[in-house]
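In UniProt numbering, the protein residues as written are 1 to 300. Working notes for the structure below.
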């Protein structure tokens, strides 16, 4: 059970860093907030056998603090009317979600378990051409991006975030994983330039590049993140912070930092690094986000 009260978590050091680097993240929620003002995320993915990937991203988006989360599954008929362990998530066939809810979405998170079939490509093109400026691409969506990039208008995307691991980065750059790993800073910056996007090159000391090539290296996290689904959780956190109104300049590095810090907190609680599960990260992110947004007198 996640219970940080039983452990000596150094929240003061985390708060000090966050207040300096992510001031908007540390602001308390307004008393008059409602679900409409806290942002709406739509996660599109979850093809046959991969529904869990979409669920992990959606759950992370919700627990990071956005007001509403839709899940569009790339399966017809829709295999699950709702997630019993998280009924707050609104689940439907992805094509129907685009038709009925596209106008209320603040941020799309696309690719978590999406597959690379024809419908997946059509979904990506439709979302790319939608009026929603904020788009996070992960996993299968990154492979599709290479296949259909000539059909996409780059000026349609104001805040595009790519979240590749080294193999996906190599595919996007048409090079080898060895070349990416040998010069991670170059790879992140080159991807940012080619796709006019924020890039999160995942791995040990994740490298973040702005669309203009400004680099940051994240220092939170541990080997517990080497587990299936942790990247889906990260995509959900990024999408959530963008939907809540944080500018990409803060939302992207803050999400990466939160994701790693959550893993560090869990490791301090002896929930990992060995055996840490991706589904355990979101509640640690929620706890940390609330601690950062509280007054010091409310901390441990």
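Beta carbons are placed, not taken as given, at the ideal position from N, Cα and C, and that holds for glycine. Quick caveat: nothing in here was measured; it's all calculated off a predicted structure.
Distance CB(residue i)-CB(residue j) smaller than 8 Å
{"i": "residue 260", "j": "residue 290", "result": "no"}
{"i": "residue 42", "j": "residue 128", "result": "no"}
{"i": "residue 246", "j": "residue 285", "result": "no"}
{"i": "residue 97", "j": "residue 70", "result": "yes"}
{"i": "residue 292", "j": "residue 25", "result": "yes"}
{"i": "residue 46", "j": "residue 74", "result": "yes"}
{"i": "residue 203", "j": "residue 165", "result": "yes"}
{"i": "residue 160", "j": "residue 196", "result": "yes"}
{"i": "residue 91", "j": "residue 132", "result": "no"}
{"i": "residue 157", "j": "residue 135", "result": "yes"}
{"i": "residue 79", "j": "residue 51", "result": "yes"}
{"i": "residue 193", "j": "residue 221", "result": "no"}
Close Cβ partners of residue i (< 6 Å) along its chain, the five nearest in sequence each way excluded
{"i": "residue 163", "result": "138, 200, 235"}
{"i": "residue 188", "result": "199, 201, 207, 209"}
{"i": "residue 278", "result": "56, 227, 229, 230, 233"}
{"i": "residue 67", "result": "35, 38, 39"}
{"i": "residue 272", "result": "224, 266"}
{"i": "residue 60", "result": "233, 236, 237, 282"}
{"i": "residue 180", "result": "166, 169, 170, 187"}
{"i": "residue 15", "result": "292"}
{"i": "residue 28", "result": "293"}
DSSP three-state assignment for residue i, whether helix, strand or coil
{"i": "residue 45", "result": "strand"}
{"i": "residue 25", "result": "coil"}
{"i": "residue 100", "result": "helix"}
{"i": "residue 227", "result": "coil"}
{"i": "residue 180", "result": "helix"}
{"i": "residue 55", "result": "helix"}
{"i": "residue 275", "result": "coil"}
{"i": "residue 152", "result": "coil"}
{"i": "residue 81", "result": "coil"}
{"i": "residue 235", "result": "helix"}
{"i": "residue 105", "result": "coil"}
{"i": "residue 185", "result": "helix"}
{"i": "residue 33", "result": "coil"}
{"i": "residue 260", "result": "helix"}
{"i": "residue 116", "result": "coil"}
{"i": "residue 327", "result": "Past the edges of the chain, shown from 1 to 300, lies residue 327, and the structure says nothing about it."}
{"i": "residue 300", "result": "Since pLDDT at residue 300 reaches only 38, below the 50 mark, its modelled position is unreliable, and no value is offered."}
{"i": "residue 290", "result": "helix"}
{"i": "residue 266", "result": "helix"}
{"i": "residue 221", "result": "coil"}
{"i": "residue 203", "result": "coil"}
{"i": "residue 121", "result": "helix"}
{"i": "residue 131", "result": "coil"}
{"i": "residue 63", "result": "helix"}
{"i": "residue 246", "result": "coil"}
{"i": "residue 75", "result": "coil"}
DSSP beta-bridge partners of residue i
{"i": "residue 90", "result": "70"}
{"i": "residue 198", "result": "161"}
{"i": "residue 137", "result": "110, 162"}
{"i": "residue 95", "result": "Note: residue 95 sits in no beta bridge, so no partner."}
{"i": "residue 216", "result": "208"}
{"i": "residue 40", "result": "68"}
Cutoff 8 Å; reference residue i; Cβ partners in own chain excluding five residues on either side
{"i": "residue 253", "result": "21, 22, 208, 216, 218"}
{"i": "residue 88", "result": "62, 69"}
Cutoff 7 Å; reference residue i; Cβ partners in own chain excluding five residues on either side
{"i": "residue 130", "result": "102"}
{"i": "residue 311", "result": "Not covered by the structure: residue 311. The range shown for the chain is 1 to 300."}
{"i": "residue 65", "result": "38, 240, 244, 289"}
{"i": "residue 176", "result": "170"}
{"i": "residue 167", "result": "177"}
{"i": "residue 140", "result": "111, 114, 115, 116, 120"}
{"i": "residue 54", "result": "43, 45, 46, 71, 73, 112, 113"}
{"i": "residue 255", "result": "234, 237, 238, 241"}
{"i": "residue 19", "result": "26"}
{"i": "residue 185", "result": "207, 215"}
Closer than 8 Å to chain C by CB, residue i
{"i": "residue 186", "result": "Chain labels in this structure do not include chain C; a single protein chain is all it has."}
Proximity test, residue i beta-carbon vs the ligand FMN heavy atom, cut-off 7 Å
{"i": "residue 132", "result": "The ligand FMN is not part of this structure, which contains no ligands at all."}
Legend entry - Three or more C-beta pairs below 8 Å linking the stretch 131 to 151 and the stretch 107 to 122: yes
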